[in-house]
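Visitor: Residue numbers (this note's numbering): 79 to 428.
1) Determine the closest residue to residue 360 out of 173, 170 and 180, with distance taken between C-alpha atoms.
2) Measuring CA to CA, which of 105, 135 and 106 is closest to residue 118?
3) Would you mind sorting residue 397 into buried or exposed? The rule is 16 or more other CB atoms within 10 Å of its CB.
4) Can you name the start and end residues of the alpha helix (DSSP H) that residue 337 belongs to?
5) Should residue 120 go down as buried or exposed, given a rule of 16 or more other Cβ atoms within 10 Å for buried?
6) Using beta-carbon positions only, say whether residue 217 and residue 269 come within less than 8 Å of one another.
7) Checking 8 Å against the spacing of the C-beta atoms, do residue 111 and residue 85 come in under that value?
8) What does a CB cutoff of less than 8 Å around residue 363 pick up in its chain, not counting 5 residues either side in sequence?
9) The beta strand (DSSP E) that contains residue 113, what's its start and end?
10) When DSSP labels each residue in this structure, what does residue 250 get in the three-state scheme?
11) One question on the structure: do residue 314 and residue 356 come within less than 8 Å of each other, judged by their Cβ atoms?
12) State the DSSP-derived secondary structure class of residue 98, mapped to helix, strand or coil.
13) Runs of 4 residues minimum, wholly inside the segment 140-227: which ones carry the alpha helix (DSSP H) assignment?
14) Cβ of residue 273 within 8 Å of Cβ of residue 213?
15) Give the DSSP-derived three-state secondary structure of residue 284 in the structure shown.
16) Which residue marks the beginning of the beta strand (DSSP E) containing residue 264, and which one marks its end?
17) To the nearest angstrom, how far is it from the Cα of residue 437 to the Cα of residue 101?
18) With a threshold of 8 Å, are at least 3 pairs of Cβ atoms found where one atom belongs to the segment 373-385 and the other to the segment 406-416?
19) Quick one: using the 10 Å Cβ neighbour count with 16 as the cut-off for buried, is residue 422 buried or exposed?
20) Quick one: grab the DSSP three-state call for residue 258.
21) Measure the C-alpha to C-alpha separation of residue 402 and residue 228 and round it to an integer number of angstroms.
22) In terms of residue numbering, what span does the alpha helix (DSSP H) encompassing residue 389 cover?
23) My output table needs one value for residue 138: the three-state DSSP class, helix, strand or coil.
24) CA-CA distance, residue 258 and residue 211?
25) Once the 5 residues before and after residue 152 are set aside, which same chain residues still bring their CB inside 6 Å of it?
26) Are the CB atoms of residue 206 and residue 285 within a distance shorter than 8 Å?
27) Leaving aside the five residues before and after residue 386 along the sequence, list all residues of the same chain whose C-beta is less than 8 Å from its C-beta, in chain order.
Take a look at the structure:
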C-alpha cells in the first residue's frame, strides 16, 4: 500500500514535471524571465535558487507551476504581460506540447516491452478490475488473471463478444458457475454464483481482450506515432460525448475521477505490469493535453484564446479584465476539484 502510494506520487510528479518543463523551456528559449519553477503547491519542502530562478518542491503534490517575471504586474516593462503576443502564445502552449511529445515517447518505449492492445480473440479475457466483496473476489479471482471459459452444469457458456458478456451472464444469476482461470502458467477452476447487485457485472469483474504487442527498434518510434494519433483521436471522440452528456444531464459523469480515482486505476495497472503502467501514463499525459487546451478561463486553453486574440487584433486585453476572467476560472476549477474529490471519497466508502 505504502509502496503504491509512493510510486503513484512519483508517477504524477513525472507528468506534472513534463508539463511545467514545457512552459519553463519555452520561456527560457524566448528570453522571458522565470522567477520560480515549482512541483506541487506550497508549503515548500525544498527550494534552491539558480540564477534568476527558484526551483522548489512543495507539499501539495497534485499540481505544479512556473512563475514568470511580471505575469501579474502590468508595470514591469520586461515582464510576461508586456511581451509580444506570439511569445505569450508559445509559452502558454509549451505545457501541452511537451505532454504530447512525452506521450509519444512513452508509447514508443512501451512498444519495446509490449503495449496492451485488443487481441480480437475472445479467448484473451484479461481481468482488469475486481470489485470489493464481489463473487469474483470471494472466489479468489485477481487482476491479471485470464478467463478461459465459463461453464454451467459442465456445459460451456458461449461468449461471442466481450460487449455482451454482462448480458449473457445475467441469465445465470443465482446459479453456480465454473470459471476457468489462467494465472501465469497455472490453470485452475473456481466456482462462483453471479449476483445482480454489482455495478460492473454479475461477477463483479471487468475484463478486456488484450494482448501485449511488441515492436522492434527503431520501428517502435513509428508505431509510437500511430498509437499517439489513434489514442488522441479516440480521446477527442470521448471528450465530445462527455460534453454532450454534460450539457444534456447537467451533472458530472461517473467516469470523471480525481487523484483518488486515478490512484485506484494506477494500482490496478501496476498489478498487471509495467506495460500497462506505461500505457496508462501516456494516456493520462494525452488527457492533460486535451483538458488543458480547453478554452476555459485559467486553463492553458483559456489563456491561449486571450493571447491569440491579442495576436490577431494587435492589441492587449485590459489586465483587470484578463485577471478577473482567470480568477473566476480558478474558483470554478477549485469547486469542480472539490466536488470530484468528494465523489471519489464517497465511491471508495460505498
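Built from N, CA and C at the ideal position, the CB exists for glycine as well.
Guide: Short version:
1) 180
2) 135
3) exposed
4) 337-350
5) exposed
6) yes
7) no
8) 93, 96, 177, 178, 180, 181 and 184
9) 112-128
10) coil
11) no
12) helix
13) 163-191 and 213-216
14) yes
15) strand
16) 264-270
17) No statement about residue 437 is possible, as the shown extent of the chain runs from 79 to 428 and does not include it.
18) yes
19) buried
20) strand
21) 60 Å
22) 378-391
23) strand
24) 20 Å
25) 159 and 397
26) yes
27) 163 and 167
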